[in-house]
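Participant: Going down the list, the sequences are from chains A and B.
All residue numbers for the first sequence refer to our numbering, where the first residue is 1 and numbers rise by one.
All residue numbers for the second sequence refer to our numbering, where the first residue is 1001 and numbers rise by one.
Heads up, the beta-carbon is just placed ideally off N, CA and C, and yes, glycines get one too.
Sharing a structure, written as structure tokens. Questions coming.
There are 2 protein chains.
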Amino acid sequence: MRLTKFYIPALKEAPADAEIASHKLMIRAGFIRKLAAGVYSLLPAGVKVIRKIEAVIREEMNRAGALEVYLPSVQPASLWEESGRWEVYGKELLRITDRHNREFCYGPTHEEVITDLVRRDVRSYRDLPLNLYQIQTKFRDEIRPRFGVMRAREFSMKDAYSFDADEEGAKENYEAMRKAYTAIFSRLGLKFRAVEADTGQIGGSASHEFMVLAETGEDRIAHCDKCGYAANVEKVELSDIAVSGDENVQDLQSVDTPNAKTIEEVSEFLDMDSSRFIKTLIYKADGNIIAVLIRGDYEVNETKLLRAIDSGEVALASEEEVESVGTMVGFAGPVGLENVRIIADSSVKSIVNGVTGANRVDTHFFNVNPGKDFTPGLYADIREAVPGDPCPRCDDGKLSLARGIEVGHIFQLGVKYSEAMKANFLNREGKERPMIMGCYGIGVGRTGAASIEQNHDDNGIIWPPSIAPFDVVVLPLSLKDEEVVRVAESIYEELKNGGFDPALDDRNLRPGVKFNESDLVGYPLQVVVGRKGLADGVVEVKIRKTGERMTVAPEGAFHKIKETLEKLSSID
Amino acid sequence: MRLTKFYIPALKEAPADAEIASHKLMIRAGFIRKLAAGVYSLLPAGVKVIRKIEAVIREEMNRAGALEVYLPSVQPASLWEESGRWEVYGKELLRITDRHNREFCYGPTHEEVITDLVRRDVRSYRDLPLNLYQIQTKFRDEIRPRFGVMRAREFSMKDAYSFDADEEGAKENYEAMRKAYTAIFSRLGLKFRAVEADTGQIGGSASHEFMVLAETGEDRIAHCDKCGYAANVEKVELSDIAVSGDENVQDLQSVDTPNAKTIEEVSEFLDMDSSRFIKTLIYKADGNIIAVLIRGDYEVNETKLLRAIDSGEVALASEEEVESVGTMVGFAGPVGLENVRIIADSSVKSIVNGVTGANRVDTHFFNVNPGKDFTPGLYADIREAVPGDPCPRCDDGKLSLARGIEVGHIFQLGVKYSEAMKANFLNREGKERPMIMGCYGIGVGRTGAASIEQNHDDNGIIWPPSIAPFDVVVLPLSLKDEEVVRVAESIYEELKNGGFDPALDDRNLRPGVKFNESDLVGYPLQVVVGRKGLADGVVEVKIRKTGERMTVAPEGAFHKIKETLEKLSSID
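The structure is reproduced here in structure tokens:
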């Protein structure tokens, strides 16, 4: 492609709302433009990258036996009412009313639609298994869309849904998808990890997320470097660690703690380690006030909490709500707290002679002992992991924490949707059974952005060859020099005819501008054709990733480029 | 693809709402399923057809120098307010309110979004021309969606938008698109005609529609078989034909016409040809009552009327509205009709001593003469063409009428959007000018449906090889016969390895069912492998289109299939 015929407008400055590298660079290098909050247009270079990602996804999905369908984006409310999600999905679901006042939504996901589709035509175990996928546009009305296409409201997703006659088949489908996802993200040149994950609003019994490792990732993962166990911190299993040794249980004692409200203040005031504290947080969960206890040096993970209490929504209670149950912010504690459900993290169980608020101003309790002075309605693992937590899978492994970008997510759904929506089939014995489902998503644009998070420097993007918009850019440094133009054109044509997708920067711009934009756009290779080099009988081939420059005679350029691209591809 | 691993559920009966062949057959053969009124899911075979159509479109668009982009489906109201279409677009525009109460719509077309995109980055004539296209999902909230994907509410469209610095460039882009469209529809094996068309809600100065000729088409076109002129009946230019010879103008005369209201009744009662009548229709146009006159034997074309009076909406007035302007249904006439704008078709001008209603019960006027007894505010060409109308382009050509399905539409937009939205550039002289635009659409799903309208018989679809879901189906008639299975598998593998996309019907079904479904799905070729044939050393190759059957030795099957497919492709 001649850049004079292409449309790849570069910008000097990134927009003010761009916080992370991929967002800044995709805008600056002319891959995307913002239309509205969380809604982006893809420019031609952006489309080329996305098409390459899609092609890899399609190949691996087809190889795994999945069949491509294409489902509507506008979905009738009635199906969401059948699954029960019309009520619970909340404001992220973009609801639409048509001209006849019928209710619809812009699909954020397609479990309902696909289940409806399959239940109409599938009758027998003979029609199963089935794995249907699509690459399609979704809308989730995020309250705070950000990071460009990374957390957009309108976005492209590959979503697949499997239907099986038995658990065994469902697990096979799940494993096939896990393998396909590993192949996809490997081919796309990403460093990633598959981690155990929470199933969230999609539901189901088990799931794995595919996390691209990056500092700017919104997700946090815990992983054991000894046995390979890895999980989202929302899902990681943490064991309790006894902290108080073999101390004797003593009697509850009230103590004045004037002007000390936070754990840090009280801990300093009493000269006691914060691990002795039973931190008491008042939450509102689905409209009910609850008390949540956790060891003073730990934090609550709200997703774990949600799952533990099987709730749809939790948030810290307001000051008024806290007071409505007879306690107060800064001095809340479980002792004597009545008519409030108490949920405690497992870490609380082993505390002996702990400290808590006394539900009175400037007062705490000493020698608080679970089971004696209060009894939680539920103990559960609801805490945030910390580095060094013991691995739940192997003997003496310790967990490390890292940040990741979720690019894929696979779920074992079980019969959640098929039961609710009566997607049944006749089994071998002629009995009606709900189909066993799985669902499998990949964020297409997010995958491209994640690649940039892993592959960029101060000058711009460094695309892996597998998804670069062009394999190489040929840079004639002077359009006035006939020989420069002739050689550049000839290398460009040779590359085109040789099966590559090259760009030719035939724009009338200064060499410095061409170099900067080439680095910014992130072509894996640059071929520099200048008067000076030609006088020495050479052109220069620069590897964007390493900065390495090689000189080669114009006749040898094609071969050198081919060889270098192959090497780069095999590394990635 | 082995059909046991594919998902192509056939149905015996078409749904009750399916009126035309393509709708019935796409459902019955397992290409699409309905999700809601005008909203369809594509099953795997449907996706395969659509991908092939898209590939042809992309190739020809790229060849013509257009660049692929991908624009959001959710568009902010503010842009539509800038263009002025937020108010005028009506209920077909699916309006959406997001969680922050901001207004959006589901894009029915993308002039606003693309104009906004281009105005941000294009500064100079040096950045022009530009032609950007996408293949993307649109939503138009049709009041009566029907005919399956032919007139769906959610549908896939290829839309392109060109931007030029001058009229000449804009015309070049338009011509390039006309050429590209001709190439696309030819390659897709369609019989079509490019016709002059009305510009409708999109606006602009000129346009052509690409019409696939089919009896079930919703559009009507008029074409001259002598000079090749062709136009939508909404756009066709009709000349007036004098009917009354050289009769002398006589004086207006009232006549009683008891019980005669319709043109036919009055014409019979008075024994006068209906071409002598000045038919008077009372319309409501954008809220105002108007009178529309036309020769008694002609009909009004409302799109032409809309354009003539530059109105957004017209409909026949209600009985009450008719009476509110001092006339009545059945006896309306222009003589003495006051305070009402009168628009007359050009055919009225040459009527001498005509007949009209007298705005009184059971009364008509004789000897009515335009210019003398009444004067229309406007004469315009607002009538429906009739077969035999003279061609407006050549000397003695006559127009014929045909039905067509609009699969493509190209528009010269001029500066309609760029002026309203200030999409300006600096020209060679450094002056700011609005860009000159064109826009170009193809209905992707509709093109597939139109192909079926042209290519089917009582047994099912007859796909042209260029867009068939599979090139050929191999039919082993007995799965119990090892030799049948072996030969079928071997031909299937040979086809796969030889660059074809074959299907193998390895389902355990009776031969009759396999034959019927193969005809229904419309594979261009069927390869029948049966015990009886093999005993004679042959398999059978059937051409779906002609029904022709050829026998060939199994070893020769690949070559015969290849040759036959090539022949079929070149015919289409």
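1) Quick check on L1117 (chain B): buried or exposed, where buried means 16 or more other Cβ atoms within 10 Å of its Cβ?
2) Threshold first: 4 residues or longer. Then list the alpha helix (DSSP H) segments lying entirely within the region 37–72 of chain A, N to C.
3) Measure the C-alpha to C-alpha separation of K1422 (chain B) and V1122 (chain B) and round it to an integer number of angstroms.
4) Would you mind stating whether L293 (chain A) and P334 (chain A) have Cβ atoms separated by less than 7 Å?
5) Can you tell me which of the three DSSP states S1400 (chain B) falls into?
6) Is S1254 (chain B) helix, strand or coil by DSSP?
7) Taking Cβ-Cβ distances below 8 Å as the criterion, which residues of the region 319–347 of chain A are in contact with chain B?
8) Where do the ends of the alpha helix (DSSP H) carrying G1512 (chain B) lie?
9) When you compare each of B:K1191, B:E1060, B:A1535, B:G1312 to A1285 (chain B) by their alpha carbons, which one comes out closest?
10) Hey, V125 (chain A) and F425 (chain A) are a contact pair by Cβ (cut 8 Å); roughly how many whole angstroms apart?
11) Within 10 angstroms of its Cβ, does R1544 (chain B) collect 16 or more other Cβ (buried), or is it exposed?
12) Please list the segments of the beta strand (DSSP E) lying wholly inside the region 1089–1140 of chain B, counting only runs of 3 or more residues, in order along the chain.
13) Against chain B, does E68 (chain A) count as a neighbour if the rule is that its beta carbon must be under 7 Å from one of theirs?
14) Buried or exposed: T280 (chain A), going by 16 or more other Cβ atoms within 10 Å of its Cβ?
15) May I ask you to report which of helix, strand or coil DSSP gives D572 (chain A)?
16) Is there a Cβ of chain B sitting closer than 7 Å to that of L35 (chain A), yes or no?
17) Just list the residues that DSSP pairs G414 (chain A) with in beta bridges.
18) Among residues of its own chain, excluding the 5 on either side of L71 (chain A), which ones have a beta-carbon nearer than 7 Å to its beta-carbon?
19) With contact counted as at least three CB pairs below 8 Å, one residue from each stretch, are the region 1166–1180 of chain B and the region 1408–1415 of chain B in contact?
20) The region 1345–1370 of chain B: which residues have C-beta closer than 9 Å to a C-beta of chain A, in chain order?
21) Where does V249 (chain A) land, buried or exposed, given buried means 16+ other C-beta within 10 angstroms?
22) Taking D1373 (chain B) as the reference, which of B:V1513, B:I1382, B:I1184, B:N1353 has the closest Cα?
23) Please check if any C-beta of chain A sits within less than 7 Å of the C-beta of V1056 (chain B).
24) Quick one: measure Cβ to Cβ for E1142 (chain B) and E1215 (chain B), integer angstroms, because I've assumed they're closer than 8 Å.
25) For Y7 (chain A), would you say it is in contact with chain B, using Cβ-to-Cβ distances shorter than 7 Å as the test?
26) Quick one: residues in its chain with C-beta nearer than 7 Å to the C-beta of D297 (chain A), no 5 flanking neighbours on either side, listed in chain order?
27) Could you check which residue in A:L475, A:G556, A:D536, A:F210 has the C-alpha nearest to that of T4 (chain A)?
28) Distance check for D345 (chain A) and I20 (chain A), CA to CA, integer angstroms please.
29) Using beta carbons (cut-off 7 Å, strictly below), is S1270 (chain B) in contact with chain A?
30) Thinking just about the alpha-carbon of each residue, which of B:V1487, B:L1477, B:T1447 is nearest to the one in P1464 (chain B)?
31) Given this structure, state the Cα-to-Cα distance separating L1306 (chain B) from G1204 (chain B), to the nearest angstrom.
32) Give the range of the alpha helix (DSSP H) segment to which F1269 (chain B) is assigned.
33) Would you say K52 (chain A) lies against chain B (beta-carbon separation less than 7 Å)?
34) Taking CB distances under 7 Å as the criterion, tell me whether K1091 (chain B) reaches chain E.
35) Which bits of chain A does I1143 (chain B) rub up against, with CB to CB less than 9 Å?
36) Report the neighbours of F1147 (chain B) on chain A: residues whose CB is nearer than 8 Å to its CB, in chain order.
Facilitator: In this structure, then:
1) buried
2) 44–63
3) 12 Å
4) yes
5) strand
6) strand
7) none
8) 1511–1521
9) B:G1312
10) Residue identity differs from the one stated: residue 125 (chain A) is Tyr in this sequence, not Val. Rounded, the Cβ-Cβ distance is 6 Å, consistent with contact.
11) buried
12) 1094–1097, 1103–1106, 1130–1139
13) yes
14) buried
15) Bear in mind that a pLDDT of 49 at D572 (chain A), under 50, signals an unreliable position, so the number given afterwards is only what the model happens to contain. Coil at D572 (chain A), not helix or strand.
16) yes
17) A:M437
18) H110, V113, I114, Q134, Q136
19) yes
20) none
21) exposed
22) B:N1353
23) no
24) No, E1142 (chain B) and E1215 (chain B) are not in contact; Cβ-Cβ is about 22 Å, not under 8 Å.
25) yes
26) S274, S275
27) A:L475
28) 35 Å
29) One point to set straight first is that residue 1270 (chain B) is Leu, not Ser, in the sequence displayed. Cβ-Cβ to chain A under 7 Å: no for L1270 (chain B).
30) B:T1447
31) 15 Å
32) 1263–1270
33) no
34) Note that chain E does not occur in the displayed structure, where the protein chains are A and B.
35) R99, H100
36) Residues of chain A passing the Cβ test: none, with the nearest at roughly 17 Å.
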